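Engineer: If you scroll down you'll find the structure; I have some questions about it.
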Amino acid sequence: MAEKQYMTINMGPQHPATHGVLRLVLELDGEVIVKAIPHIGHLHRGVEKLSESKTYHQVIPLTDRLDYTNAMGNNLAYVLAVEKLLGLEVPKRAQYLRVMMAELQRIAAHLIWLGTHVLDIGALTPIFYTFREREDVLRIFEEVAGGRLTPTYLRIGGVSKDLPEETKGKIKAFVESFPKHLQDYETLLTQNVIWLKRTKEIGILSKEDAINWGVTGPTLRASAVKWDVRKAFPYSSYDAFDFDIPFGSVGDVYDRYIVRMREMEWSNAIVRQALERLPKGPVLAEDPKIGLPPKEAVQTDMAALIRHFKIASEGFYPPPGEVYASVESAKGELGFYIVSDGSNHPFRVRIRPPSFLNLGALPKMIEGGLIADVVSAIGSVDIVLGEIDR
Amino acid sequence: MADVHLGLKKLREKFPSSILAEKTFRGEVTVTVPKGMILEICRFLYSDPDLRYHFLTDLCGLDLFPDTPRFGVVYLLYSMKNNERLRLKARIGEGESVASVESIWKAADWLEREVYDLFGIPFENHPDLRRILLWEGYEGHPLRKDYPVEGPDFDKPFVPEV
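In order, the protein sequences belong to chains A and B. Be aware that the first sequence starts at 2, since it is given in our numbering, and climbs by one per residue. Be aware that the second sequence starts at 3, since it is given in our numbering, and climbs by one per residue.
Written out as structure tokens, the structure reads:
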């Protein structure tokens, strides 16, 4: 008898269903996957190395470009780590604004995921709806921060600008209309027979495996682990909001879909609460050595101009030490581990990317399955290569 | 977080001679241990029924040049049972290697590959120690402090011979 041979095929990095530049080498026995080896690094830009030569403020724009669908969340993780290092207290209003923006961003990120994930599987319609609602969120960001994809809204000690009055109405309108839109997406998918056949019992990741592989975020929760950084280590006043953590039971592609859909509902509820309970007060910590002075003061006050110049060019000197702060980004636990040697540059910035570890578990999900389900499994993990490769 | 850090308490009891340094900064506990003990200590922290550090949140490298031993490997463990984080640190000299913890946490597979790739620290008994972010054949390890930010060849453009 002839020796058994497997067929090796290459998928990506230029493949529309790999969400960027992921390359998979698949070994096939007929249509069954025997072994899957992901190759990453095509988008490596050396963000960690680059951060070591910047001042603490200058790193914020770099974080926008990690997971570029979740810029606000990335900003938040980084500034939380620096604030922890400094022992800096952030005003309540800034904390609520951060929560509001992070949750709007989570909705926008999940909408991209939903649109592209179902598009990969073959449903062409939902992406047109999801990108319509995402556009609303991006318009809000544009009014608040000036940027859409990379707003760089957060500052060490607070946020860059207060929420404009007219934007409040826009956020309110979005929050009111979004549950209806969510229902529309669900009528297209949740009970759709084709959708069920492409997602149920596919790409299963057990609870034990998910924990052992370091998987976080909706992918972990779909595997029946009710764990969320927002509940385990509440940051930025999350403990003041009423919300629940949706979780699945089987850990298949369908569960991940359901978990993210429910998560958008809760995010919407959090944005509503933040808007209703928004406290009054400053939006930036009043520490003259750290926070930039307001723009108006810079243009009229000599002392403010000098301060601005000093902070922008030289930065500040945090105490030596090491801290880790993490947030629940749209993909999972995004953490920053910062080591300071007492100078105005971080000695080491380590980014703990959620997608990196979630993708590490992908072979576990797809090995033993059919090649046709690979696309479905990749989409369900919701990877962003900008964050994996850094 | 609990008033008493359970992981630290247990470590003190079980491995009193292996704790080279312990530090609490901003509520985070960092314990420095000898590199030869890493695997044993990790196994203990993972399997002890009171601790159950089943989640390896992060594993990363440090280059503390010109300090000796030059490198450090940092393990950030998390116990869902106690909602407690513990940071372990091991110092590694240039040219030395450290035991892989991949046999305990599968998450360490890619994380250790990344440390190997960017710092050049080899891990013993790792099943598949290859570069991960950079390509095979790349020279140098970018996160080392003596590696220039612009890259070693930024002013030497590659011109193929005609």
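The beta-carbon is built from N, C-alpha and C at its ideal position, and this holds for glycine as well. None of these values were measured; they are calculated from a predicted model.
Note down, in chain order, every chain B residue with its Cβ under 7 Å from the Cβ of R349 of chain A.
Structural biologist: Residue numbering aside, residue 349 of chain A sits at position 348 when the first sequence is read from its first letter. Per Cβ cutoff of 7 Å: L64.
Engineer: Beta carbons nearer than 9 Å to chain B: which residues of the segment 355-373 of chain A have them?
Structural biologist: Flagged, chain order: F357, L358, L360, G361, A362, K365.
Engineer: Could you check if Q184 of chain A is buried or exposed, using at least 16 other CB atoms within 10 Å of its CB as the buried criterion?
Structural biologist: On the first sequence, position 183 is the one that residue 184 of chain A refers to. Burial call: exposed.
Engineer: Can you list, in chain order, the residues of its chain with a C-beta nearer than 8 Å to that of P280 of chain A? Leave out the 5 residues immediately preceding and following it.
Structural biologist: To locate residue 280 of chain A, count along the first sequence from 1; it is residue 279. Correct list, in chain order: K93, R94, Y97.
Engineer: What three-state label does DSSP hand F125 of chain B in the structure shown?
Structural biologist: For the purposes of this step, residue 125 of chain B is taken as residue 123 along the second sequence, with counting starting at 1. Residue state, collapsed to three classes: strand.
Engineer: Should A23 of chain B be flagged as near chain A, meaning a C-beta pair shorter than 9 Å?
Structural biologist: For this step, residue 23 of chain B is matched to residue 21 along the second sequence. It does not: the Cβ of A23 of chain B has no partner Cβ on chain A nearer than 9 Å.
Engineer: Using 8 Å for Cβ pairs, my map puts H309 of chain A next to P294 of chain A. What's the rounded Cβ distance?
Structural biologist: One-based indexing of the first sequence puts residue 309 of chain A at position 308. One-based indexing of the first sequence puts residue 294 of chain A at position 293. Yes, they are in contact, since the Cβ atoms of H309 of chain A and P294 of chain A sit about 5 Å apart, within 8 Å.
Engineer: Candidates A:P62, A:S238, A:R135, A:I246: which alpha carbon is nearest H182 of chain A's?
Structural biologist: Looking up residue 182 of chain A in the first sequence gives position 181. The shortest Cα separation from H182 of chain A among A:P62, A:S238, A:R135, A:I246 belongs to A:R135.
Engineer: Examine chain B for any beta-carbon lying closer than 9 Å to the beta-carbon of D163 of chain A, and answer yes or no.
Structural biologist: Sequence index remark: in the first sequence, residue 163 of chain A carries index 162 (1-based). Taking Cβ atoms only, chain B never reaches closer than 9 Å to D163 of chain A, which makes this a no.
Engineer: Taking C-beta to C-beta, are Y69 of chain A and F317 of chain A nearer than 9 Å?
Structural biologist: Here the question's residue 69 of chain A lines up with position 68 in the first sequence. Here the question's residue 317 of chain A lines up with position 316 in the first sequence. The answer is no: Cβ separation not under 9 Å.
Engineer: Output, in chain order, the set of chain B residues within a Cβ distance shorter than 7 Å of K85 of chain A.
Structural biologist: The count along the first sequence starts at 1 and reaches residue 85 of chain A at position 84. Per Cβ cutoff of 7 Å: R28.
Engineer: Smallest Cα separation from L135 of chain B: which of B:G74, B:S81, B:R115, B:P36?
Structural biologist: Here residue 135 of chain B refers to the residue found at position 133 of the second sequence. Comparing Cα-Cα distances from L135 of chain B to each of B:G74, B:S81, B:R115, B:P36, the minimum goes to B:R115.
Engineer: Ignoring anything shorter than 4 residues or poking outside the segment 311-369 of chain A, list the alpha helix (DSSP H) runs there in chain order.
Structural biologist: Runs found: 355-361, 363-367.
Engineer: Are there any heavy atoms of the ligand NAD lying less than 8 Å away from the beta-carbon of V376 of chain A, as far as the coordinates show?
Structural biologist: For the ligand NAD, the structure offers nothing, since it holds no ligand at all.
Engineer: Report yes if the CB atom of S381 of chain A is closer than 9 Å to the CB atom of T200 of chain A, and no otherwise.
Structural biologist: Position 380 of the first sequence, counted from the start, is the residue given in the question as residue 381 of chain A. Position 199 of the first sequence, counted from the start, is the residue given in the question as residue 200 of chain A. Yes, Cβ-Cβ distance for S381 of chain A and T200 of chain A is below 9 Å.
Engineer: Just to confirm, are L81 of chain A and F337 of chain A a CB contact at a threshold of 9 Å?
Structural biologist: Your numbering for residue 81 of chain A matches position 80 in the first sequence. Your numbering for residue 337 of chain A matches position 336 in the first sequence. In contact: L81 of chain A and F337 of chain A (Cβ atoms closer than 9 Å).
Engineer: Taking buried to mean at least 16 other C-beta atoms within 10 Å of its own C-beta, is L39 of chain A buried or exposed?
Structural biologist: Counting from one through the first sequence, the residue named residue 39 of chain A turns up at place 38. Checking the displayed sequence, the identity of residue 39 of chain A turns out to be Pro instead of Leu. Classification for P39 of chain A: buried.
Engineer: Does chain B have any CB closer than 9 Å to the CB of H45 of chain A?
Structural biologist: Within the first sequence, residue 45 of chain A is the residue found at index 44, counting from 1. Answer yes: the Cβ-Cβ gap between H45 of chain A and chain B drops below 9 Å somewhere.
Engineer: Run through chain A and tell me which residues come within less than 7 Å of I43 of chain B, C-beta to C-beta.
Structural biologist: Start at 1 with the first residue of the second sequence, and residue 43 of chain B comes out as number 41. Simply none; closest approach about 18 Å.
Engineer: I'd like to know if the segment 125-145 of chain A and the segment 167-180 of chain A are in contact, where contact means that at least 3 CB-CB pairs between them fall below 8 Å.
Structural biologist: The answer is yes - the segment 167-180 of chain A touches the segment 125-145 of chain A, with three or more Cβ pairs under 8 Å.
Engineer: Would you list, in sequence order, the uninterrupted alpha helix (DSSP H) runs of no fewer than 4 residues that lie entirely inside the segment 132-201 of chain A?
Structural biologist: Whole alpha helix (DSSP H) segments, 4+ residues: 166-190, 194-200.
Engineer: Check the C-beta distance from G204 of chain A over to M73 of chain A and give it rounded, since I have them as a contact under 8 Å.
Structural biologist: As a working note, residue 204 of chain A is residue 203 in the first sequence. As a working note, residue 73 of chain A is residue 72 in the first sequence. Rounded, the Cβ-Cβ distance is 29 Å, inconsistent with contact.
Engineer: Does the beta-carbon of V117 of chain B have 16 or more other beta-carbons within 10 angstroms, so that it is buried, or is it exposed?
Structural biologist: Reading the second sequence from its first residue, position 115 is the one you call residue 117 of chain B. That one is buried.
Engineer: In chain A, which residues lie with their C-beta within 8 Å of the C-beta of I134 of chain B?
Structural biologist: Within the second sequence, numbered from 1, the residue matching residue 134 of chain B stands at position 132. The answer, in chain order, is I41, G42.
Engineer: For a contact defined as C-beta to C-beta under 9 Å, what are the partners of I379 of chain A on chain B?
Structural biologist: To locate residue 379 of chain A, count along the first sequence from 1; it is residue 378. Near I379 of chain A there are no residues of chain B at all, since even the closest Cβ is about 16 Å away, more than 9 Å.
Engineer: Specify whether the segment 344-358 of chain A and the segment 79-95 of chain B touch according to this definition: at least 3 beta carbon pairs, one from each stretch, less than 8 Å apart.
Structural biologist: Flag = no, the segment 344-358 of chain A and the segment 79-95 of chain B do not touch.
Engineer: Taking its Cβ as the centre, do 16 or more other Cβ atoms sit within 10 Å of D2 of chain B, making it buried, or is it exposed?
Structural biologist: One cannot answer for residue 2 of chain B here, as it falls past the ends of chain B, which runs 3 to 164.
Engineer: For K85 of chain A, count neighbouring Cβ atoms within 10 angstroms of its own Cβ and tell me buried if that reaches 16, exposed if not.
Structural biologist: For the purposes of this step, residue 85 of chain A is taken as the residue at position 84 of the first sequence. Its Cβ being crowded by 16 or more others within 10 Å, K85 of chain A is buried.
Engineer: Chain A beta carbons: is any one of them nearer than 9 Å to that of T70 of chain B?
Structural biologist: Position 68 of the second sequence, counted from the first residue, corresponds to residue 70 of chain B. No, its Cβ sits nowhere closer than 9 Å to a Cβ of chain A.
Engineer: Go to P62 of chain A, then tell me how far its alpha helix (DSSP H) extends in each direction, as first and last residue.
Structural biologist: Residue mapping note: residue 62 of chain A aligns to position 61 of the first sequence, counting from 1. Unbroken alpha helix (DSSP H) run through P62 of chain A: 61-65.
Engineer: Which term fits I141 of chain A, buried or exposed, when burial requires 16 or more other beta carbons within 10 angstroms of its beta carbon?
Structural biologist: Position 140 of the first sequence, counting from 1, holds the residue named residue 141 of chain A. With 16 or more other Cβ atoms within 10 Å, it is buried.
Engineer: Output needed in chain order: residues of the segment 50-62 of chain B with a Cβ under 7 Å from some Cβ in chain A.
Structural biologist: Residues passing the 7 Å Cβ filter: H56, F57, L58, T59, D60, C62.
Engineer: Since I believe A225 of chain A is in contact with K208 of chain A (beta carbons under 8 Å), could you give me their beta-carbon distance rounded to a whole number of angstroms?
Structural biologist: By 1-based counting over the first sequence, the position of residue 208 of chain A is 207. By 1-based counting over the first sequence, the position of residue 225 of chain A is 224. Right, their Cβ atoms sit about 5 Å apart.
Engineer: Tell me which residues share the same chain as L358 of chain A and place their Cβ nearer than 8 Å to its Cβ, disregarding the 5 neighbours each side in the sequence.
Structural biologist: Locating residue 358 of chain A in the first sequence gives position 357, counting from the first residue. Excluding residues within five positions, the ones whose Cβ falls inside 8 Å are W214, G215, V216, T217, G333.
Engineer: Less than 9 Å separating the beta-carbons of D383 of chain A and H43 of chain A?
Structural biologist: Residue numbering aside, residue 383 of chain A sits at position 382 when the first sequence is read from its first letter. Residue numbering aside, residue 43 of chain A sits at position 42 when the first sequence is read from its first letter. No. Outside cutoff.
Engineer: When DSSP labels each residue in this structure, what does D302 of chain A get in the three-state scheme?
Structural biologist: Along the first sequence, read from residue 1 onward, the residue named residue 302 of chain A stands at position 301. Coil, per DSSP.
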